[in-house]
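Right, one structure below, let's go through it.
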Amino acid sequence: MSEAAPARILLADEQGKPGAPRRQQDHTGDARMRLINDTDAAIREATAAIEARLIAVRRDIHAHPELAFEEVRTAGIVAAELDRLGIPHEDGIGGTGVVGMIRGGRPGPVVAIRADMDALPIHEETGLGFASGTAGKMHACGHDVHTATLLGVAALLKDLAPSLAGSVKLVFQPAEETLSGMAAMIEDGVMDNPSVDYALGFHNHPDMPVGTFGYVPGASLAASDAIDIVLRGKSGHAAHPEGAVDPIVAAATLISQLQTVVSRETGALHPIVVTIGAIHGGSARNIIPDTCSLSGTVRTLHDPVRDRAEAAIRRLCEGISTGMRVGCDLSYVRGVPVLRNDAQMLERSVAAVRRQFGEAAVTERTPSLGAEDFALMAARVPSFHLRVGSSQPGRQDKLHNSGYQPDEACIGYGVQALARAAADLLQ
1 MSEAAPARIL LADEQGKPGA PRRQQDHTGD ARMRLINDTD AAIREATAAI
51 EARLIAVRRD IHAHPELAFE EVRTAGIVAA ELDRLGIPHE DGIGGTGVVG
101 MIRGGRPGPV VAIRADMDAL PIHEETGLGF ASGTAGKMHA CGHDVHTATL
151 LGVAALLKDL APSLAGSVKL VFQPAEETLS GMAAMIEDGV MDNPSVDYAL
201 GFHNHPDMPV GTFGYVPGAS LAASDAIDIV LRGKSGHAAH PEGAVDPIVA
251 AATLISQLQT VVSRETGALH PIVVTIGAIH GGSARNIIPD TCSLSGTVRT
301 LHDPVRDRAE AAIRRLCEGI STGMRVGCDL SYVRGVPVLR NDAQMLERSV
351 AAVRRQFGEA AVTERTPSLG AEDFALMAAR VPSFHLRVGS SQPGRQDKLH
401 NSGYQPDEAC IGYGVQALAR AAADLLQ
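Numbering-wise, full-length UniProt numbering puts 43 at position 43 of the sequence shown, and it's gapless, one number per residue.
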């Protein structure tokens, strides 16, 4: 990370004065009372004072993307920032995760706020001056934005700590893209010592204008299951298929049949996706191979549909074995559960964000069949997952795209929303 000057929070009486000296927040006196007594304005002003630094941190992380469980440099940046803020933390949680702790001035519950840190195996094509310097790796999902956002939240809540009835656990998570980082952190005790009572998560959304926020009552993101299938036939000459057992034709038939799980096995009002994302079979045009392998994912929002989908896929694999004379080995692994927003956590968090930004800035959205391993936290404690608008005017970016460019203003908006939500939860 570049050697930038430490972030400074301007005191209320310094705002807007040309040439006014900038002082490091001393956690006492008028500045603290400003944060406590005029929360919305103080949060806006405090965020504005550190926004440039947060953007610089984001760009540094963006230029040096690290994949799942490789986030050593990113975790080092996080640890250094928490040290600078005077926030105690532990490193190496769940492999490369970092957990910071802000203790409030009065006893109360523990609210965990989680941000993910990993990048994707995508070659960046944005042409930005701070584009990825590592071929084949890119922050194409905005986890660099998330990391910078939570660092900003940490700075604000550190100043608000004396007024909080409870504590905040800052969870910087590795390996969200592989849906395995949160499980590793939970195994290392992230939900304990002290025990987490509530959890807040968030994600940037390029389908929403920057400066807006979204929420979904109940099931918000899908359960995600992994399917791997190996079809075993009998190799032979392509000109004489009658002397072979073709696993590629069986694979093509099975792929078509798997779509009937969506169209004929589940109700139209219960969303489900079955996608085969990879198929591998054969090495030459004139040889029927011995095997063909398929890999895919199943996404559902309702537990009964999840059960029915698994049963149907197992049945279809058994059927293809009989009908097309192939062996069929199926591995069906259940991944993260449905991410469900707790009703009371949603109500309280959305109310806090509306107090900060106004009613019109926060709208109800539809569920997504994307998945998040924050769901593992939400399965243990009442939780809420906030959608943060990140669309740049005039652009129509998509996540997991080599040209993805979120509006960096979403960092400051996210800081305000999450800091306000946590502060109000701990009043």
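Positions of the beta carbon are idealized from the N, C-alpha and C atoms, including for glycine.
For this session: Ignore the nearest five residues each way along the sequence and tell me which others in Val196's own chain have a CB closer than 8 Å to its CB.
Result: Val110, Val111, Ala112, Lys169, Val190, Met377, Arg380, Val381
For this session: State the DSSP-derived secondary structure class of Lys398, mapped to helix, strand or coil.
Result: Coil.
For this session: Mark Pro88 as exposed unless 16 or more other C-beta atoms lie within 10 angstroms of its C-beta, in which case mark it buried.
Result: exposed
Exercise. Under the DSSP definition of a beta bridge, which residues are partnered with Thr275?
Worked result: DSSP output for Thr275 lists Thr297 as bridge partner(s).
For this session: Sort His62, Met117, Gly105 by Cα distance to Ala79 and report the nearest one.
Result: Met117
Exercise. Does DSSP classify Tyr404 as helix, strand or coil?
Worked result: coil
Exercise. Per DSSP, what kind of secondary structure is residue 428 in: helix, strand or coil?
Worked result: Past the edges of the chain, shown from 1 to 427, lies residue 428, and the structure says nothing about it.
Problem set entry | Given Gln405 as reference, the closest of Tyr413, Pro393, Gln416 once Cα atoms are compared | Pro393
Exercise. Does the Cβ of Ser220 have 16 or more other Cβ atoms within 10 Å, making it buried, or fewer, making it exposed?
Worked result: buried
Exercise. Are three or more beta carbon pairs between the stretch 334-354 and the stretch 384-391 nearer than 8 Å?
Worked result: Note that the stretch 334-354 touches the stretch 384-391; at least 3 beta-carbon pairs, one per stretch, sit closer than 8 Å.
Problem set entry | Euclidean distance between Cα positions of Val338 and Gly296 | Near 18 Å, if we compare the C-alpha coordinates of Gly296 and Val338.
Exercise. Where DSSP assigns a beta bridge to Gln173, which residues make up the other side?
Worked result: Asp116
For this session: Apply the 10 Å Cβ neighbour rule to Ile287 and answer buried if 16 or more other Cβ atoms are within range, or exposed otherwise.
Result: With fewer than 16 Cβ atoms within 10 Å of its Cβ, Ile287 is classed as exposed.
For this session: Would you mind reading off the limits of the alpha helix (DSSP H) that contains Ile186?
Result: 181-187
For this session: Taking Phe202 as part of the beta strand (DSSP E), name the residues at either end of that continuous run.
Result: 198-209
Exercise. Does the pairing of the stretch 168-183 with the stretch 81-96 give three or more beta-carbon distances under 8 Å?
Worked result: yes
Exercise. Whole-angstrom Cβ separation of Ala68 and Ser180, contact assumed at under 8 Å?
Worked result: 7 Å
Exercise. By the 10 Å Cβ neighbour count, where 16 or more other Cβ atoms means buried, how is Asn204 classified, buried or exposed?
Worked result: buried
Exercise. How about Ala223 and Arg306: are their beta carbons less than 9 Å apart?
Worked result: yes
Problem set entry | Secondary structure, beta strand (DSSP E): runs of 3+ residues fully inside the UniProt domain "Peptidase M20 dimerisation" (229-318) | Unbroken beta strand (DSSP E) stretches of 3 residues or longer found wholly inside the UniProt domain "Peptidase M20 dimerisation" (229-318): 272-281, 291-300, given in chain order.
Exercise. Taking the alpha helix (DSSP H) that Ala219 falls in, what are its first and last residues?
Worked result: Ala219 -> not in any alpha helix (DSSP H); beta strand (DSSP E) instead, spanning 218-221.
Exercise. Buried or exposed: which applies to Glu256, given that a residue is buried once 16 or more other Cβ atoms fall within 10 Å of its Cβ?
Worked result: Note that residue 256 is Ser in the sequence shown, not Glu. Under this definition Ser256 is an exposed residue.
For this session: Please classify Met345: does DSSP put it in a helix, a strand, or coil?
Result: helix
For this session: Pull up the distance between the alpha-carbon of Ser263 and that of Arg325, whole angstroms please.
Result: 26 Å
Problem set entry | Ser167 in three-state terms, based on DSSP | strand
Exercise. If Leu54 sits next to Pro206, beta carbons under 8 Å apart, how far is it from one beta carbon to the other, in whole angstroms?
Worked result: Between Pro206 and Leu54 the Cβ distance is about 19 Å, and since that is not below 8 Å, they are no contact.
Exercise. Helix or strand or just coil, what does DSSP make of Val362?
Worked result: Here Val362 sits in strand by DSSP.
Exercise. Quick one: any contact between the stretch 401-416 and the stretch 40-53, if contact means 3 or more CB pairs under 8 Å?
Worked result: Yes, since at least three Cβ pairs between the stretch 401-416 and the stretch 40-53 fall closer than 8 Å, the two stretches touch.
For this session: Work out the CA separation of His237 and residue 428 for me, nearest whole Å.
Result: Nothing can be reported for residue 428: it is not among the residues displayed for the chain, which extend from 1 to 427.
For this session: Measure the Cβ-Cβ separation of Tyr231 and Gly152 and say whether it is below 9 Å.
Result: Just to set this straight, residue 231 is Leu in the shown sequence, not Tyr. Contact: no.
Exercise. From the DSSP output, which residues share a beta bridge with Cys328?
Worked result: In the DSSP assignment, Cys328 is bridged to Leu231.
Exercise. Quick one, which of Pro194, Pro174, Thr178 has its alpha-carbon nearest Met185's?
Worked result: Pro174
For this session: Using only alpha-carbon positions, find the residue among Gln427, Tyr332, Lys158, Val145 that is nearest to Gly389.
Result: Selected option, being the one with the closest Cα: Val145.
Exercise. Among the residues of its own chain, which have a CB less than 8 Å from the CB of Ala140, if the five just before and after it don't count?
Worked result: Ala119, Leu120, Ile122, Glu124, Leu399, His400, Asn401, Ser402, Tyr404
For this session: Below 8 Å on the Cβ atoms is my guess for Ile320 versus Thr253; work out the distance and round it to an integer in Å.
Result: 7 Å
Problem set entry | Between the CA atoms of Glu265 and Ala423 - distance to the nearest angstrom | 46 Å
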